[in-house]
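Okay, so here's the structure we're looking at.
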Amino acid sequence: MLDFNELLKSLFSSLTILAILSYFGKEVINVYLSKNLELFKQKLSQELELQKQRLNQDMESAKTKLSMMSTEHQVKFSKLHQERAKLIKQLWSAITQFESNLTGYINIMNNPELRDQSKAWKGGIAVSIPSVLEIYNDNKIYFGSSMCREVDAFLIAAKGITDKIMMADPAISPEDARHLQKELKDFLDRSILPLKADLEGDFRVLLGVEKQ
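Under the working numbering, residues 1 to 212 are what the sequence shown spells out, in order.
In structure tokens, the structure reads:
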């Protein structure tokens, strides 16, 4: 039969062994966990780096697409600017031709020696207005609302003036000639010249030589 001292020694030895085993077991577990943790950190770092690379690639791809879209938009917008500038020039030229014919008619009204030219000037005036109408009506969408109102007002006034000129007697009296001449000059100053100035301003803005 074991005595008490032997039992204590045996128990103490067992506990010591268990403590040692427990300690080393913990160390083994810690080492194992530490290695796994390090591997996990490395794997996570690699995954993060791959995600970062993919994100950078996606960003570069998006930037390239946006740049291409911007360039395409600029090209289309530039073409629209060119088309609008071309139409403004055509409209300005047609109005200038009407102005020239009207000025020529005004200049001969008080000169009996030149009245035989009135038919030719009237013909030029009659042809000029349809030319303005054709350019404007076919391309009205290219002009701003303010410009459209101004051109519309000009065309209404021009029709009234043209009708008066067409109905005027070649042998118009000096007094009636002066009255009509004043009305035509007022129309030039009030309607034609401001409209041409606005068209010229729009054209220069499109060219970039003036700011809006």
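C-beta atoms are modelled at their ideal positions from N, C-alpha and C, and glycine is treated no differently.
query	result
Give the single residue among Gln97, Ile88, Lys140, Ile106 whose Cα lies nearest to the Cα of Gln181.	Ile106
Can you tell me the Cα-Cα spacing of Lys122 and Thr103, whole angstroms?	11 Å
Would Val151 be called buried (16 or more neighbouring beta carbons within 10 Å of its own) or exposed?	buried
Please say whether Met167 and Ala126 have beta carbons closer to each other than 8 Å?	no
Going residue by residue through the stretch 134 to 195, where are the continuous alpha helix (DSSP H) segments of at least 4 residues, counting only ones entirely within it?	145 to 167, 174 to 187
Measure the alpha-carbon distance for Glu47 versus Leu87 and round it to whole angstroms.	59 Å
Tell me whether the beta-carbon of Tyr136 lies closer than 8 Å to the beta-carbon of Arg84.	no
Compute the Euclidean distance between the alpha carbons of Gln82 and Gly208, then round it to the nearest angstrom.	12 Å
Judging by CA-CA distance, which residue of Gln90, Ser45, Ile108 is the nearest neighbour of Arg178?	Ile108
Let me know if Ala120 comes out buried or exposed under the rule of 16 or more other beta-carbons within 10 Å of its beta-carbon.	exposed
Buried or exposed: Ala158, going by 16 or more other Cβ atoms within 10 Å of its Cβ?	buried
Indicate whether Ser146 and Ala94 have their beta-carbon atoms separated by less than 8 Å.	no
Can you tell me which of the three DSSP states Gly208 falls into?	coil
Closer than 8 Å by C-beta to Glu200: which residues in its own chain qualify, once you throw out the five before and the five after it? Chain order, please.	Trp92
Quick one: using the 10 Å Cβ neighbour count with 16 as the cut-off for buried, is Asn101 buried or exposed?	buried
How is Met109 classed by DSSP in three states: helix, strand or coil?	coil
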